[in-house]
Amino acid sequence: MAFWRGVKRRLKALLFPALFVAGSGFFLWHTVHGERGTLARERRVGEIAQAQAQLRAAQAEHAALGRRVGGLRADALDRDQLEERARALLNLTQPGEVVIPYGPQNRLY
Numbered sequence: 000m001a002f003w004r005g006v007k008r009r010l011k012a013l014l015f016p017a018l019f020v021a022g023s024g025f026f027l028w029h030t031v032h033g034e035r036g037t038l039a040r041e042r043r044v045g046e047i048a049q050a051q052a053q054l055r056a057a058q059a060e061h062a063a064l065g066r067r068v069g070g071l072r073a074d075a076l077d078r079d080q081l082e083e084r085a086r087a088l089l090n091l092t093q094p095g096e097v098v099i100p101y102g103p104q105n106r107l108y
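This is the structure we're talking about:
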């Protein structure tokens, strides 16, 4: 009987520290591996960097297209650009012009 009382007393003494260590381990694991942990944060930072790079590329493309469209407006018509686009779309040339064909992967437009 005395043996079991000693075991019971030791178990009671170890219960709270064991629960504390288990709870601390749980929270530490989630701090690193959880949905909002440090690993997830680094992954999100990488995704944000990729998205920002895509945004910069899209903005550059938008600006380039805006400049090209600006040359086709009626108030500031660039005749050379208009002729270039018309020839490209209609696939027409003038007599005496040299045509250099591009492959499908090297298209200008």
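Quick note on numbering that gives the first Met the number 0: the sequence shown kicks off at 0 and runs consecutively.
For every residue, glycine included, the Cβ atom is placed at its ideal position computed from N, Cα and C.
Residue i - DSSP class collapsed to helix/strand/coil
i	result
P103	helix
E96	coil
L91	coil
D79	helix
R55	helix
R72	coil
Candidates the options, of which the one nearest residue i by Cα
i	options	result
Q93	P103, R9 and E82	E82
A87	L76, G95 and I99	I99
Inset, instruction - With a floor of 4 residues, list each alpha helix (DSSP H) that falls wholly inside the stretch 14–51, ordered by position along the chain. - result: none
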